[in-house]
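Asks: First, the structure itself, so that you have it in front of you.
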Amino acid sequence: MPEDLKLTDEAIEKWREAGKITSRARELAASLVVPGARLEDVAERVEGFIRKQGAKPAFPLNLSADHLAAHYSPDIDDPLRFVAGQLVKVDIGAHVDGYPADSAMTVEVGGQRRYGDYVRASREALAAGVETIGPDVSLSKVGEAIELTVRAYGLRPISNLTGHLIRRNELHAGKSVPNVGGHKGDFARVGEVFAIEPFATSGDGEVVNGEPGNIYRFQGVRKVKDPDADRLQKAIAREHPSLPFAARWCRTLCDSPKKSVKALRSAGVLYAYPVLVEKAEGPVSQHEHTVIVAASGAQLIT
8 MPEDLKLTDE AIEKWREAGK ITSRARELAA SLVVPGARLE DVAERVEGFI RKQGAKPAFP
68 LNLSADHLAA HYSPDIDDPL RFVAGQLVKV DIGAHVDGYP ADSAMTVEVG GQRRYGDYVR
128 ASREALAAGV ETIGPDVSLS KVGEAIELTV RAYGLRPISN LTGHLIRRNE LHAGKSVPNV
188 GGHKGDFARV GEVFAIEPFA TSGDGEVVNG EPGNIYRFQG VRKVKDPDAD RLQKAIAREH
248 PSLPFAARWC RTLCDSPKKS VKALRSAGVL YAYPVLVEKA EGPVSQHEHT VIVAASGAQL
308 IT
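Under my numbering, residues 8 to 309 are what the sequence shown spells out, in order.
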């Protein structure tokens with residue numbers, strides 16, 4: 008690893024451990040996505056598993072179905088259950104001491120096999136992206152490999168969703184890994200860590216913002232009149248200052264988490280990530296891995 012990026016042996020070891028735990032959590036989540044299961048129960052179990060492994064969730068478990076491409080995570084007392092035939096993206100991450108890994112896979116609920124080409128397209132596109140990325144490789148070249156693989160199945164990659172550079176305590180750290188070719192500029196460098204995440208759809212190949220979801224980012228302390236909400240914002244500033252979190256995680260931090268989260272959103276303390284919806288409401292599949300760019304090539308950690 009080069010001196011300028013200062014990716015120490017300790018940092019690499021923590022990233023590798025985060026990757027192992029993320030991989031196990033992803034597989035656990037996929038096994039729980041069955042007809043009739045409550046989304047909230049699955050999320051609580053998987054996030055609890057990460058904590059029991061000695062890590063912390065890097066973000067709430069995403070369980071986005073069908074034309075919802077990303078950012079759906081269940082709310083407190085969420086009534087939704089999985090239905091046979093849904094195409095569900097399981098997207099999860101764990102961090103060890105702030106070093107996050109990020110990974111995803113797609114599950115057809117009930118094993119319906121209606122969307123086999125979608126699943127294969129994003130999975131094989133991910134393999135192509137991982138194979139292509141390496142020291143001083145143009146990230147546009149990675150996007151080109153992803154796009155060619157997805158289009159070979161007669162599907163479209165989602166052009167305005169990308170993979171991303173990851174740094175300590177920062178999931179989206181500037182550089183993007185496109186899912187289509189033609190982008191110029193950024194290159195992968197030795198010592199950098201990237202999440203590569205292709206999406207495949209029969210829709211327009213673009214997402215738009217839906218309703219605000221249940222994943223939040225802390226934006227800074229503000230003056231808040233409600234004592235319970237004020238207590239919550241202080242706890243969030245301490246517990247979740249940089250990485251995304253869920254209202255579900257606030258149950259032990261205040262008396263009325265749903266009410267207090269709503270108050271903090273209104274006060275500008277919290278940003279709610281919108282659920283991302285495929286523009287033509289086409290079904291969407293996703294696969295994702297985290298890699299460390301080493302001198303010898305990409306090292307897969309998830």
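Just so it is clear, CB atoms sit at the ideal spot from N, CA and C, and this is done for glycine as well.
1) Beta-carbon within less than 6 Å of ARG163's beta-carbon, same chain only, minus the 5 sequence neighbours each way: which residues are those?
2) Alpha carbon to alpha carbon, what distance is there between GLY92 and VAL300?
3) Tell me the residue span of the beta strand (DSSP E) that contains SER71.
4) Do you know whose CA, among LYS27, HIS78, LYS21, GLY43, lies nearest ASN221's CA?
5) Work out the CA separation of GLY43 and ALA50 for me, nearest whole Å.
6) Could you spell out the range, first to last residue, of the beta strand (DSSP E) harbouring GLU288?
7) Thinking C-beta only, is ALA111 closer than 8 Å to ASP98?
8) In this structure, how does DSSP classify GLN60 when only helix, strand and coil are distinguished?
9) Could you tell me the distance, in whole angstroms, from the CA atom of ASP11 to the CA atom of ARG255?
10) Would you call ARG33 buried or exposed, if buried means 16 or more other Cβ atoms sit within 10 Å of its Cβ?
11) Is it true that the CB of GLN293 sits closer than 8 Å to the CB of GLU204?
12) Whose C-beta lies closer than 6 Å to the C-beta of ALA274 among residues of the same chain, with five residues either side of it excluded?
13) By the DSSP assignment, the alpha helix (DSSP H) with GLU17 in it spans what residues?
14) Of all the options PRO64, ALA37, LEU87, ARG224, which has the alpha carbon lying nearest to the alpha carbon of GLY105?
15) Here's the rule: buried if 16 or more other CB atoms are within 10 angstroms of the residue's CB, otherwise exposed. What is GLY227?
16) Are the beta-carbon atoms belonging to PRO290 and PRO67 less than 8 Å from one another?
17) Using 8 Å as the threshold, is the C-beta distance between THR297 and ALA202 below it?
18) Mind checking GLN240: buried by the 16 CB within 10 Å criterion, or exposed?
19) Among GLY117, LYS182, VAL149, PRO142, which one has its Cα closest to the Cα of GLY136?
Replies: According to the data block:
1) Cβ neighbours of ARG163 beyond the five flanking positions: THR208, GLY212.
2) 37 Å
3) Unbroken beta strand (DSSP E) run through SER71: 63–72.
4) Per the C-alpha coordinates, the member of LYS27, HIS78, LYS21, GLY43 positioned closest to ASN221 is HIS78.
5) 14 Å
6) No beta strand (DSSP E) holds GLU288; DSSP gives it neither H nor E.
7) yes
8) Correct three-state label for GLN60: coil.
9) Bear in mind that a pLDDT of 38 at ASP11, under 50, signals an unreliable position, so the model cannot answer this.
10) Result: buried.
11) It is a contact, given that the beta carbons lie within the stated cut-off.
12) ARG229, VAL231
13) 16–39
14) Answer by Cα proximity: PRO64.
15) Exposed, because fewer than 16 other Cβ atoms sit within 10 Å of the Cβ of GLY227.
16) With contacts defined as CB atoms closer than 8 Å, PRO290 and PRO67 fail to qualify as a contacting pair.
17) In contact: THR297 and ALA202 (Cβ atoms closer than 8 Å).
18) buried
19) VAL149
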